[in-house]
Amino acid sequence: MSELFLQQLLNWITLGSIYALIAVGFSLLFGVLNIIHFSHGDVSLLAPFLALSVISAIGSALGDAGSLGTFLLALLVAIAITGVIGVLLDLVVIQRFRQAPAMMALVATVALGIVLRELIRHLFPNGSNPHAFPRLVEGNVTLAGFTIPLFSVTVIVVSVLAVCALFFMLNSTRLGLHIKAVSQDRDAARLMAINPGRIFRATFFVASAIGAVGGLFFSSYAGMARFDFSIDVGLIGFSAAVVGGLGSMPGAIIGSLLIAGLDTLVQATVPNGASYRLVFVFLLVIGVLVFRPSGLMGRSLVEKV
Amino acid sequence: MAESLALPRDTSNPVVSALTVIAVQLAGALFLRQFLLIDDWRLVIGLLLIFGAALVLMERVPSLEARVEAAFARHSRLALLLGIAIVLAFPFVLEGNTYALHLCVISMLYAVLALALNFQLGSANIPNFATGASYGIGAYASALLALNFGISFWLALPVAAVVATIFGFLLGIPSMRTRDSYLALVTIAFGVVIHQLLNNLEFTGGPNGLVGIPAPELFGHSFASPLVIFGQELPSQANFYYLSALLVLISIVFARRLHDSRVGLAWNALRTDELAARCQGINVTWYKVLAFAVDAFLAGFAGTIYAFYVGFISPDNFTFLVSVTIMTMVIAGGMDNILGVIVGAFLLTLLPEKLRAFSDYRILFFGVTVIVFLMIRPQGLFPQRLRRYGH
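So the sequences go chain by chain: C and L.
Anchor point for the first sequence: position 82 equals 82 in full-length UniProt numbering, and the numbering is continuous, going up by one each time.
Anchor point for the second sequence: position 268 equals 268 in full-length UniProt numbering, and the numbering is continuous, going up by one each time.
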């Protein structure tokens, strides 16, 4: 009984950490740019495909596809490229919607997500099929009689470190202060000789790179990379950010843990729960928003007249 | 400002302006016919370029657009009668091409859905990503009634619309408190929940959906059999063509009456400034919920006709992507502009079908078109117009 309970608890926190990595990006981008970047999920799940491409490229060049070094290098390259892709999307498309009504940007980024998914399907060899994606770490550790998979430990530790780094960056570095300044008042920040365009690019890079870590973990957790994973993962990440309160980093984390908790609970207890999990998750989303219309940790909307 | 609120006075020769109306309508019909019948993708691109050139001309020479508009306002009765005549005669000029007729029916159903969403998105600026779900509820409600209780199409139609409206009200309730992105997420969540339920429940047939929905009958004439008018035989799709044309007509009348009524004004006030509208004594909550109900009502109608037309429905017909497509039709066609919304619906329904030559790449092409479109003409094909009080 307690073995099973611990198993579920670990599942919950692992899944929650993965969702949090994606939700934080939604929240960061909304806080700074005031738009919903709906293709953020698709950007994040580009990373596993990029990693697989790098592995096969190294494999054909050096004949060294299997080693741990190659794998780690591929992950780092995938994270960096995903960050750059985030910046490029802003430069090519999203930038043009800074002054437009929020709905236009929303529809444009939904369409952008479709384009990214279709590009994977066509450009990646056999893109419509699922591709095996290795577990980052195999093996278990035994602690006080409980076996704990090392994979879960890695996911949790890396996620906590990534989020801490993000908090440190936002609160204690020059760039972080600039980001905060731009998110509070774009024009005032410009008067203080901060270049908002540069800050937007930095935000896109950071959000997409952290999302990439989440995408890699998710594929590793599922054991495969699929071009249409991003629909579910993106929706759940977005929901977590909104439930927590858009623009609030702690909110995004709490929202992710809440959604992942319900997800695991339903799968473990409700008969045939796996096929109904999204129903429960999205009913929770509706419920939270009815009682807290701007999310759990969201600032209540103050209107300027 | 005052003069822009009144219609531009038409000083030209009445015969010339009547001929303008006739020429514009016939040209539009001819364009649609050619677009439906051609197969070669090079010709499709050519026709799209002609369409684009017409738009650019309208943008460059605003007086031309104003003159056409004035002609239509002056001869509105002629325009209406000719329009009805064209719609009635259209199936006869399609050379018995069943696929073209089928595309017409689907486009018209999407036009109804886009008009339904326009009440919310266009008039009141409420983002609703659940129109596809209301469409699905209408389709499933009527199909279940027909399959399990043998209820006829004509009774199932209003019942399904009422069921969809009840769900619309349910969906509207959370909208009383949430706004903007938060409201958008509530509607997305609603759509996903409905899709997942349809996909998993037993009585909806799960992922396999419902099969064998019987074709409607009218005065002993089954809609599955060919339609004979004046001794000329039209394929069976023509039955549904006329039925959905009627639905589009009803929706247009509905939309225009609502737009000109206090309700339409209240929605526009909401769109401009919710707080100011509230100060004017407008019951913001009620009008928001009403917008959801009206949207669901029309979508329920469209869903019922779709279910009985195709005879087979599955959850895949009513996904999140369907809702996004309907939203794109409204935004790309022109918010709060009936003509624009209909053109947007036809264009975005036909475009992927006509690009079958690019078979696998057409979804990609669709996404790119939408983005490019929003980038170069962010106000839509036919932008929203000022309310006019000249007539």
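We put the CB at the ideal spot given by N, CA and C, even for glycine.
Keep in mind it's a predicted model, so treat the numbers as computed, not measured.
For residue i, the residue or residues it bridges with in DSSP
| i | result |
| --- | --- |
| L/Q232 | L/I229 |
| L/F312 | L/V211 |
| L/S222 | L/E217 |
| C/H131 | C/A225 |
Beta-carbon contacts of residue i that lie in its chain and below 8 Å, excluding the five residues immediately before and after
| i | result |
| --- | --- |
| L/G264 | S123, L258 |
| L/G83 | Q25 |
| L/L350 | F35, L36, L103, S107 |
Limits of the beta strand (DSSP E) - the one that residue i falls within
| i | result |
| --- | --- |
| C/F146 | 146–149 |
| C/L143 | 140–143 |
Assigned exposure category for residue i - 16 Cβ within 10 Å defines buried
| i | result |
| --- | --- |
| C/V242 | buried |
| C/A274 | exposed |
| L/H221 | exposed |
| L/A111 | buried |
| L/P235 | buried |
| C/S60 | exposed |
| L/N283 | exposed |
| L/W286 | exposed |
| L/I45 | exposed |
| L/L171 | buried |
| L/C279 | exposed |
| C/T173 | exposed |
| L/E233 | exposed |
| L/L88 | exposed |
| L/R271 | buried |
| C/R226 | buried |
| L/I338 | buried |
| L/N125 | buried |
| C/S27 | buried |
| L/L374 | buried |
Own chain partners of residue i with C-beta closer than 7 Å, once the 5 adjacent residues on each side are dropped
| i | result |
| --- | --- |
| C/I148 | L10, N140, V141 |
| L/L75 | Just to set this straight, residue 75 of chain L is His in the shown sequence, not Leu. Here the set comprises S17, A18, V21. |
| L/I86 | Q25, A29 |
| L/L113 | T131, Y135, A299, A302, I326 |
| C/L91 | none |
The alpha helix (DSSP H) enclosing residue i, as first and last residue numbers
| i | result |
| --- | --- |
| residue 392 of chain L | Within the shown structure, residues of chain L are numbered from 1 to 391, placing residue 392 of chain L beyond reach of any answer. |
| C/H178 | 174–184 |
| C/T109 | 102–123 |
| L/R77 | 76–89 |
| residue 397 of chain L | There is no way to answer for residue 397 of chain L, as the model of chain L reaches only from 1 to 391. |
| C/Y19 | 2–33 |
| C/T264 | 249–269 |
| C/L50 | 46–62 |
| C/N195 | Taken as a continuous stretch (DSSP letters only), C/N195 belongs to no alpha helix (DSSP H), as it is neither H nor E. |
| L/T204 | Looking at the DSSP string, L/T204 is not in any alpha helix (DSSP H), and its letter there is neither H nor E. |
| C/I85 | 68–92 |
| L/S152 | Run containing L/S152: none; DSSP gives neither H nor E here. |
| C/H37 | It is not in any alpha helix (DSSP H) - C/H37 carries neither H nor E in the DSSP assignment. |
| L/E274 | 274–279 |
Close-in-space but distant-in-sequence residues of the same chain around residue i (CB under 6 Å, 5 per side omitted)
| i | result |
| --- | --- |
| C/A74 | A51, V54, I55 |
| L/H102 | Q237 |
| C/V158 | none |
| C/H37 | L29, T109 |
| C/L46 | T82 |
Heavy atom of the ligand MN within 8 Å of residue i beta-carbon
| i | result |
| --- | --- |
| C/F291 | Within the structure as shown, the ligand MN is missing, as the structure has no ligands at all. |
Residue nearest to residue i in terms of C-alpha spacing, selected from the options
| i | options | result |
| --- | --- | --- |
| C/W12 | C/L289, C/P293, C/A268, C/G295 | C/A268 |
| C/I236 | C/S2, C/L21, C/G31, C/Q8 | C/L21 |
| C/V290 | L/S175, L/P207, L/T328 | L/S175 |
| C/I210 | C/I81, C/L4, C/G31, C/L6 | C/I81 |
| L/G206 | L/L197, L/M375, L/A143, L/A276 | L/L197 |
| L/A54 | L/V289, L/A27, L/A277 | L/A27 |
| L/D316 | L/L36, L/M335, L/L339, L/N199 | L/N199 |
| C/I197 | C/G25, C/F5, C/L88 | A small fix is needed here, since residue 197 of chain C is Gly in this sequence, not Ile. The shortest Cα separation from C/G197 among C/G25, C/F5, C/L88 belongs to C/L88. |
| C/V163 | C/A23, C/F5, C/L216, C/M192 | C/A23 |
| C/I179 | C/Q8, C/L33, C/T14 | C/L33 |
| C/D263 | C/Y276, C/I35, C/I254, C/A252 | C/Y276 |
| L/F169 | L/V368, L/A293, L/L321 | L/A293 |
| C/G214 | C/I58, C/D90, C/F229 | C/F229 |
| L/L81 | L/E274, L/L249, L/N148, L/L37 | L/L249 |
| C/G245 | C/G176, C/P48, C/L284, C/P293 | C/P293 |
| C/P48 | C/E138, C/L6, C/N272, C/Y221 | C/Y221 |
| C/A202 | C/D185, C/M192, C/L166 | C/L166 |
| C/F282 | L/W154, L/Y361, L/S181, L/L185 | L/L185 |
| L/F92 | L/F254, L/V228, L/F346 | L/V228 |
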